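Data block below; observations after.
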């Protein structure tokens, strides 16, 4: 992410934005949602806690994008001080790196055990580094399937992530309206066709697998695509029942290209 | 389970059936699918391994209900000896207690990290001991939503679990065909209506919550119902993409009432 | 049916089961629902009455599987003594042969003229001995289309009949959940695809006929498949409006294979 | 029918029309489709044959509205001389009374036994003289449900019958396009709502029955409405699979009001 | 139109029918709905007014087919004297030529500016004289798409226009029930398939265009078909919200062939 | 628009952005799409041309947001010099005022007569100054219905217009994903419910009108809402068949609030 033409500008709608140091600016959401947990085969969560432990939470700055009266869930949001230490560590790490804490962490913290299982699973699927799916691919799957499911939280947050990973500021909007007419490569089109088959819970046949193979995906990629579509079938429904609302920061994230050669003093010029 | 009028008759279709010893007989599937993992807040999986360690896997008897040529997944099933130790322990424990290993363990073992996250989540949702949902309630939610999603594996296996927990040998069949005409209490009807709202990914409104409250559920129960429906929205889709097939044992499990007045010495003839 | 490995065990859930003599046991439902009426071209019903006359109703034993308070219809069930003689004869014959009287006879007897027309038509379609459809095929069509129509009575009763005719104890359950993933031959798959086209009332084209021919069916078979699907389009709707409930006996019928070499004295051991 | 302002003018589009004597003209389709068979409880078909026997088939004049090359069915139409005598009698009686033989008789004669069962059932449902449904009501149910099922034969023929019975030349066209905006009484609206519930195979609840009661129907009327909707669920599907085409005569039947004060000698002047 | 076998017989259901002179009779609706407006590129509406100006509105005879109490719109119908002169001219011209004023003119006159834009657009699409679509083709598109949209006004009025233009008195009825089984040429079938794709608002792909090309349509024809389907997507919805009712005259228009060899003096007596 | 807290930043993604003079900057898109045509009752289009004539097209600067190779339509886009003078005038006026020419003008110019009728109608509906609908309301109707129709062009362009008119930078995104969970007032919710009823072409009943009245709309507002939904039912379909693509400028328009305390001299850096 560093050095390229997108500046991740979350938090920018609040005055405190300019207090974020440049390090934070260039350590983007790119890493946030995905590398929360280590991937040791034995203790996903435990390792995560360790990984968090080496970070410096004392530097954390909290950007409460949602004013206290903004309801982000039907269910109560626990006070952070009442949460188990491992969860607090995780949340502070995410917040430090990304500049704000995505509401899904707050909303699901109402159920700590489910929180841990959810993010362990999420991390495994979205942060996988093997196979042929890029991170942008994974986010595009989430966008296309979450729109079908009319899930505000997932569409808004993952279209932001897609804009950042793909550096294509409008493609996710195209997919949101109609992935069938979006400017997609045949590979992306086949990937989303497969994901939508899973999303709609259609019967999956060899024909569906063949369509993936025709554009270069193998069977393990098929599993990845399907597992992401399946996981967000769950996530979308959890978001519906909790009435989870996206952080305001997500709406504009990744929409505006960074101007080349601009120094730090300029940042308020090209702020979104 | 012990002493009541249902005999769990799995394994009965194979000749090796009568070799099951009485200990196994009375430690039923009732406990199997649910108490796999301990519920310590920190290390779900790790604790599970410990718990498994105190059991006696040497007694395990494998009832391979599926002949070698029966395909239970589109994806390869790893040899057990190639799997991480914690997973082998878990599978052996389940097999010992229940008499056979449900195919979902075999199919998902293709992806160890996802296996762990899946069962940690599953355990949390289906084995929860607080709240107003009975285990039979939870299984009924799975049956109703999985039928909507046309998921063979989940319908066959969880209708078996429902028959066992509820001791109602025909109610799950009624729900499979049409939950709206099944002989359900108003409480069960409202529970399934809410679960189906989540299953279909409809927008959830206060009206839906009120319908639950009208029959005595609270908001935490609503979360439980929704989370189960959401988790199986994921599971059903994973089953579709892997073409997961149910063990034959599930089909008849819990269908036949134990005959009154039969001595224990008889029971091992037709028991699980 | 006699001599093979399925024992039809209806009535078995009541104590009176053991009073059924072996003759009844081996004279199965196989014949019951189908050969009710003779097939003379002139007087379907009249001939039926004659045929009934040669049977020995004095041997009939009534197994009232439904306790008096179980409601099996929204409409009143006439007392048998108030029914016309030909209908009583028919019902007694069916009951004698099968061990219990399927509730559809009781429910439709509320309208004698419709009862006669219904069963004359039913008999013609389901008991036809020409053409390439087996009895198991016919039942499978009923199961697949009745599930689509969410008809509890027809799914439960005809999946029982399918289990008996096909000697496949789980195939109908597979079809109930999702006929597209069931372990069907290409011939059966094409047959059900055609039946479902009719069931959904899609426009039928030559392409549909060709798909049948591709697997060996001719045009007369196509009519048979379509007529069965059409007749149960009617039956399912009548069952919905009367809220017709299946006899409990149907649920387990044909699920358990008869053990080879078992003598008569054993039958109550392995009874379901 | 005689003496009122509708003249049933089928057959009029052929030149041979004027050879129909006035007796036939005023003995209309009103009676044709309905009183085909007597309604003795014992021998529907047999009695029908008797009734036919007292008619004078030697007077019959066949108005072949379909030119020989017009295909009215996917299946062969038997030569009348090859059909069983009772069926020929029935067809000639219908033809004599109505002026032409509706194609459904020709198409279904391919299967004599099904032909008999079909018309016995049809007669029972559509010609019933008890209860609160008029003949126009029954035809309207057929029109509304058959449009939903996109059945050309049933819509065209039964909208003709409705025009005749109701003497409302445009109401069936309104129902064909959208029964919800048609100029229906609340009673008719409730009747069609119930019929459509059955037609769509929705689960029928007490609420549906109550809606009928609210406008004066009783439970027996509910059965009648449902049975007609169910029977045409079957008929529509049979028409689809046979590609049954309506006689041309049906299209204009009942559209034109008879002019008042016109003498009998004029009738061929103002024929449609 | 003159001299061929169809006589346009609207107004016939009222006593005043016979007062229509023969000129009007043979100057049919054929011209009415389509050539309302000239097609100069600059001033569609203005030129229309000019064209109207050369006509003789003093000859106009109003055939009020709707009795005063018949409601033809949810919204008030302005008195003609209160309408702008150009609209009055247009309405009188249409009425004079066609014998009655289609209700769409009355209903939309509630909004003069929208009235003008609507008819300017309508005229451009339906009266276009270039390209490969006949007027009958255009009307058939309207019928097929308006039935899908359950629009009573458009189905009844445009099926009348189709009968007149095509001289096929039953084809539009076939299309109303099920265009897929109607006796259409492959060209007409492809045309309606494309129109229905637009009507349902499906994503349009090159495959759809190719299907048109396969039967001889070019890309400009595709635009014409789509624009008509799109315009009536609007019209149908306007008709729904205003509850626009068709004039009674439309129902029978074009159904009856003119009798050959009949003198002109007869025609006004009994023609429908 | 001037002086408030939103800066419209279109054109910003091209280098030529800063060359826009301040005059253009403050004459925003707000007025563009709506006041294209005057509303004289006689000559909508002609008056438009006059109105255009008083403007100074010599100042116009064309911001070709789409590179030459970007396809914005399946159909050819005429060279502006080949278009009739009135259309060129209109396009130049829009371009001058808004900073770029929305692609709908280019795409529809392929059919000049339809272009004129389309924009005359559009202007009448979207620029109406009477009644209770604000311009933001009208745009929100377009957004909600166009998403249902999966129309990329209309969703992207009209959500931009909504952001500008409403000064709510995220509400249209909420409506795009799920208007039922968007943060709407009861009045807006009722407005969109009514619009969606029209959009889906449901039968409109008094109940629907009552829901509007309950929140303060009258019958004329109902017509307005319905007419907009109906007009975009047409527009969406035209966009589908032409594969109309939105200008890139629309995607970010209205997303970023103007920074407080910024002097006017700065504003032309990042304003529209």
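Residue numbers (UniProt numbering), protein chains in the order written: chain V, 1 to 272; chain U, 1 to 272; chain A, 1 to 272; chain D, 1 to 272; chain R, 1 to 272; chain Y, 1 to 272.
The C-beta atom is built at its ideal place from N, Cα and C for all residues, glycine as well.
Owing to the predicted nature of the structure, the values given are computational and were not obtained by experimental measurement.
| request: Starting from the Cα of residue 191(V), find the closest Cα among 203(V), 215(V), 207(V) and 183(V) and give me that residue. | output: Within the first chain, the letter at position 191 stands for residue 191(V). In terms of CA proximity to residue 191(V), 215(V) leads the group 203(V), 215(V), 207(V) and 183(V).
| If the cut is a Cβ gap below 8 angstroms, which residues of chain A does residue 238(D) touch? | Within the fourth chain, the letter at position 238 stands for residue 238(D). Neighbours of residue 238(D) on chain A, chain order: 226, 227 and 230.
| task | Look at the alpha carbon of residue 228(D) and the alpha carbon of residue 241(V), and state the distance between them as a whole number of angstroms. | result | To locate residue 228(D), count along the fourth chain from 1; it is residue 228. To locate residue 241(V), count along the first chain from 1; it is residue 241. Between residue 228(D) and residue 241(V), the C-alpha separation is close to 42 angstroms.
| message | So, at 7 angstroms on beta carbons, what are the nonlocal neighbours of residue 232(A) in its own chain, with the 5 sequence-adjacent residues on each side left out? | response | Taking the third chain and counting its residues from 1, one reaches residue 232(A) at position 232. Within the same chain, residue 232(A) has close Cβ partners 142, 145, 146 and 154.
| said: Output needed for residue 181(V): all residues of its chain with C-beta closer than 8 angstroms, excluding positions within five of it in sequence on either side, in chain order. | reply: On the first chain, residue 181(V) is found 181 positions in, with the first residue counted as 1. Same-chain partners within the cutoff: 174.
| request: Specify, as a first and last residue, the run of the alpha helix (DSSP H) that residue 232(R) falls within. | output: Here residue 232(R) corresponds to residue number 232 of the fifth chain, with the count starting at 1. Boundaries of the alpha helix (DSSP H) around residue 232(R): 219-242.
| field | Per-residue burial, residue 96(Y) [other beta carbons within 10 Å of its own, 16 or more giving buried] | value | Along the sixth chain, one-based indexing puts residue 96(Y) at 96. It is buried - the Cβ of residue 96(Y) has at least 16 other Cβ atoms within 10 Å.
| said: Contact criterion: CB-CB distance below 8 angstroms. Does residue 32(R) meet it with respect to chain Y? | reply: Position 32 of the fifth chain, counted from the first residue, corresponds to residue 32(R). The predicted model places residue 32(R) with a pLDDT of 31, which falls under 50 and marks its position as unreliable, so this point remains unresolved.
| query | Along the chain, where does the alpha helix (DSSP H) that runs through residue 138(Y) open and close? | reply | Numbered from its first residue, the sixth chain carries residue 138(Y) at position 138. Run containing residue 138(Y): 135-148, per the alpha helix (DSSP H) assignment.
| request: Return the residue from the list 199(A), 220(A) and 200(A) that minimises the CA-CA distance to residue 209(A). | output: Position 209 of the third chain holds residue 209(A). Sorting 199(A), 220(A) and 200(A) by C-alpha distance to the C-alpha of residue 209(A) places 220(A) at the top.
| request: Would you tell me roughly how many angstroms separate the C-alpha atoms of residue 184(R) and residue 140(D), rounded to the nearest one? | output: The residue given as residue 184(R) occupies position 184 in the fifth chain. The residue given as residue 140(D) occupies position 140 in the fourth chain. Distance between the alpha carbons of residue 184(R) and residue 140(D): 28 angstroms.
| task | Could you work out which residue in 134(V), 149(V) and 196(V) is closest to residue 177(Y) when comparing CA atoms only? | result | To locate residue 177(Y), count along the sixth chain from 1; it is residue 177. Of the listed residues, the one whose Cα sits closest to residue 177(Y) is 149(V).
| said: Tell me which residues of the stretch 174-202 of chain Y have at least one Cβ-Cβ distance to chain R shorter than 7 angstroms, keeping chain order. | reply: Here the close residues are 198 and 201.
| said: When you compare the CB positions of residue 252(D) and residue 256(R), do they come within less than 8 angstroms of one another, or not? | reply: Within the fourth chain, the letter at position 252 stands for residue 252(D). Within the fifth chain, the letter at position 256 stands for residue 256(R). In this structure, residue 256(R) lies closer than 8 angstroms to residue 252(D) by Cβ.
| query | So, is residue 224(D) buried or exposed, given that buried needs 16 or more other C-beta atoms within 10 angstroms? | reply | The residue given as residue 224(D) occupies position 224 in the fourth chain. With 16 or more other Cβ atoms within 10 Å, it is buried.
| task | Using a Cβ-Cβ cut-off of less than 9 angstroms, give me the residues of the stretch 86-105 of chain V that come near chain Y, in sequence order. | result | For the stretch 86-105 of chain V, which is checked against every Cβ of chain Y, not one residue is closer than 9 angstroms.
| message | Strictly under 8 angstroms for the Cβ-Cβ distance: is residue 75(R) near chain D by that measure? | response | In the fifth chain, the residue the question calls residue 75(R) occupies position 75. False, the Cβ-Cβ gap to chain D never drops below 8 angstroms.
| task | Classify residue 135(D) as buried or exposed, calling it buried when 16 or more other Cβ atoms lie within 10 Å of its own Cβ. | result | Within the fourth chain, residue 135(D) is the residue found at index 135, counting from 1. Per the 10 Å Cβ criterion, buried.
| DSSP state of residue 199(U) mapped onto helix, strand, coil | As a first step, residue 199(U) must be located in the second chain, where it is residue number 199. Look at residue 199(U) here: in three-state DSSP terms it is helix.
| How is residue 168(U) classed by DSSP in three states: helix, strand or coil? | Mapped onto the second chain, residue 168(U) falls at position 168. Correct three-state label for residue 168(U): coil.
| said: Measuring CB atoms only, is the stretch 114-124 of chain U touching the stretch 112-125 of chain V, in the sense that at least three cross pairs come out at less than 8 angstroms? | reply: Touching, per the Cβ criterion.
| Do the CB positions of residue 236(Y) and residue 151(R) come within less than 8 angstroms of each other? | Translated into positions along the sixth chain, residue 236(Y) becomes position 236. Translated into positions along the fifth chain, residue 151(R) becomes position 151. Going by C-beta atoms, residue 236(Y) is not nearer than 8 angstroms to residue 151(R).
| task | Would you identify the three-state DSSP class for residue 73(V), choosing helix, strand or coil? | result | Looking up residue 73(V) in the first chain gives position 73. Looking at residue 73(V) - three-state DSSP - the assignment turns out to be coil, as it is neither helix nor strand.
| Rounded separation between residue 132(A) and residue 80(D) - CA only | Start at 1 with the first residue of the third chain, and residue 132(A) comes out as number 132. Start at 1 with the first residue of the fourth chain, and residue 80(D) comes out as number 80. Near 27 angstroms, if we compare the C-alpha coordinates of residue 80(D) and residue 132(A).
| is_contact[residue 255(D), chain R] using C-beta, thresh 8 angstroms | Numbered from 1 along the fourth chain, position 255 holds the residue referred to as residue 255(D). Yes, contact with chain R.
| With distances taken between CB atoms, is the gap from residue 77(D) to residue 107(D) smaller than 8 angstroms? | If you number the fourth chain from 1, residue 77(D) lands on position 77. If you number the fourth chain from 1, residue 107(D) lands on position 107. It is a contact, given that the beta carbons lie within the stated cut-off.
| message | Using beta carbons (cut-off 8 angstroms, strictly below), is residue 147(R) in contact with chain D? | response | One-based indexing of the fifth chain puts residue 147(R) at position 147. So yes, residue 147(R) belongs to the interface.
| task | Specify, as a first and last residue, the run of the alpha helix (DSSP H) that residue 184(V) falls within. | result | Counted from its first residue, the first chain places residue 184(V) at position 184. If you look at residue 184(V), you'll find it isn't in any alpha helix (DSSP H); DSSP assigns it neither H nor E.
| query | Is residue 99(U) helix, strand or coil by DSSP? | reply | Here residue 99(U) corresponds to residue number 99 of the second chain, with the count starting at 1. Residue 99(U) carries a coil assignment under DSSP once its states are collapsed to helix, strand and coil.
| task | Can you say whether residue 188(Y) is buried or exposed, counting buried as having 16 or more other CB atoms within 10 angstroms of its CB? | result | For the purposes of this step, residue 188(Y) is taken as residue 188 along the sixth chain, with counting starting at 1. Buried, because 16 or more other Cβ atoms sit within 10 Å of the Cβ of residue 188(Y).
| Listed by chain order, chain R residues near residue 150(D) by CB distance under 7 angstroms | Here residue 150(D) is taken as the residue at index 150 of the fourth chain, counted from 1. Result: 177 and 178.
| query | Closest to residue 168(R) by CA distance: which of 70(R), 254(R), 88(R) and 243(R) is it? | reply | Start at 1 with the first residue of the fifth chain, and residue 168(R) comes out as number 168. If you compare the alpha carbons of 70(R), 254(R), 88(R) and 243(R) with that of residue 168(R), the shortest gap goes to 254(R).
| request: In angstroms with no decimal places, state the Cα-to-Cα distance between residue 99(A) and residue 249(A). | output: Residue numbering aside, residue 99(A) sits at position 99 when the third chain is read from its first letter. Residue numbering aside, residue 249(A) sits at position 249 when the third chain is read from its first letter. When rounded, the distance between both Cα atoms is 10 angstroms.
| Among 138(U), 217(U), 238(U) and 179(U), which has the Cα closest to the Cα of residue 166(U)? | In the second chain, residue 166(U) corresponds to position 166, counting from 1. Across the set 138(U), 217(U), 238(U) and 179(U), the C-alpha of 138(U) shows the shortest separation from the C-alpha of residue 166(U).
| task | Report the residue from 213(D), 179(D), 230(D) and 205(D) whose alpha carbon sits nearest the alpha carbon of residue 198(D). | result | For the purposes of this step, residue 198(D) is taken as residue 198 along the fourth chain, with counting starting at 1. Per the C-alpha coordinates, the member of 213(D), 179(D), 230(D) and 205(D) positioned closest to residue 198(D) is 230(D).
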